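**Student:** For the sequence shown, this note's numbering begins at 204 and goes up steadily by one. Ideal Cβ placement from N, Cα and C applies to all residues, glycine included. As the structure is a prediction and not an experimental result, all values here were calculated from the model. Next up is a structure, given as structure tokens.
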Amino acid sequence: MIRLLFDKIRLPSVLPIISRQISSTSKQFVAQLPKSDKNEFIKDVIVYSYDNPGRFRLINIFSISQMIFWAYLGNWAFTDMKFVTVKEGVDETLPWYRKINLGEGRYKNTLAAGCFLIGYLSIVLGWTFTLRSIRYLIMRKDGKTISLVSFTPFGKNRIMDVPLKNISVSESRTSSRAYLPVKVKDTRFYYLLDMKGDFKNTRLFDNVIALNRKL
């Protein structure tokens, strides 16, 4: 009876030993991790930056000027182009554009529509390239969310928070020369990382973000 009581008293003392063993194992596991992995997510981490707003300002000025120019040319073609009758028996050696009447309805309307279309495409391509160019790539401190900060045509930042699992990078950072395409789930076009930018944390980018995921 006395021995049984003694055993009951000593059993609880085993629990702290087991607890210390588990704690020691956890500390050893954490100690084996690189120091950067233990400290990176205390706060948000800027993984990539390309702070060059002047370049995109010039691109958008060019796009807007092209739109204005082609819109003016299209308006002139539609309203002011004169109807000039082509004389019969013209010299066959004349170039083709001198044998047709550009003031005729079908030619005038086609020319005007083509000018408006070129102007529209100029602004669309310029703005699309600007909006898809990444200025900052930020890993949020939760470790599960990426913030894509892109340029905008009028100078402000455009921020989109995306779950890490919804981002796919099909090319590696070392093999890409000009731009690194970044695919975001449920978006039509790729976002672009300019390789002239600064990869501030290559280890985090290569091993966590730049993975070819199936979206």
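Suppose contacts are defined by Cβ-Cβ distances below 8 Å. Is I337 in contact with Y251 by that definition?
**Tutor:** Here residue 337 is taken as the residue at index 134 of the sequence shown, counted from 1. Here residue 251 is taken as the residue at index 48 of the sequence shown, counted from 1. Yes, Cβ-Cβ distance for I337 and Y251 is below 8 Å.
**Student:** Starting from the Cα of F354, find the closest Cα among Y253, G322, V248, I249 and give me that residue.
**Tutor:** Here residue 354 corresponds to residue number 151 of the sequence shown, with the count starting at 1. It is Y253 whose Cα lies nearest to the Cα of F354.
**Student:** Roughly how many whole angstroms lie between the Cα atoms of F319 and V248?
**Tutor:** As a first step, residue 319 must be located in the sequence shown, where it is residue number 116. As a first step, residue 248 must be located in the sequence shown, where it is residue number 45. Their Cα atoms are separated by approximately 45 Å.
**Student:** When DSSP labels each residue in this structure, what does L418 get in the three-state scheme?
**Tutor:** For the purposes of this step, residue 418 is taken as residue 215 along the sequence shown, with counting starting at 1. Shown here, L418 sits in coil according to DSSP, grouped into three states, outside any helix or strand.
**Student:** Give me whichever residues DSSP pairs with R391 in a beta bridge.
**Tutor:** Counted from its first residue, the sequence shown places residue 391 at position 188. Note: R391 sits in no beta bridge, so no partner.
**Student:** Is DSSP giving M270 helix, strand or coil here?
**Tutor:** Numbered from 1 along the sequence shown, position 67 holds the residue referred to as residue 270. The answer is helix: DSSP assigns M270 an H, G or I state.
**Student:** Near G277, what residues of its chain come up, given a Cβ to Cβ distance below 6 Å and the 5 sequence neighbours on each side ignored?
**Tutor:** Your numbering for residue 277 matches position 74 in the sequence shown. Correct list, in chain order: A315, C318, F319.
**Student:** Taking the beta strand (DSSP E) that Y251 falls in, what are its first and last residues?
**Tutor:** Locating residue 251 in the sequence shown gives position 48, where the first residue counts as 1. Counting along the chain, the beta strand (DSSP E) containing Y251 begins and ends at 248-252.
**Student:** May I have the straight-line CA-CA distance separating R335 from S266, to the nearest angstrom?
**Tutor:** Along the sequence shown, one-based indexing puts residue 335 at 132. Along the sequence shown, one-based indexing puts residue 266 at 63. Their Cα atoms are separated by approximately 16 Å.
**Student:** Is it a yes or a no for the segment 360-367 touching the segment 256-265, going by three-plus beta-carbon pairs under 8 Å?
**Tutor:** They do not touch, by the three-pair rule.
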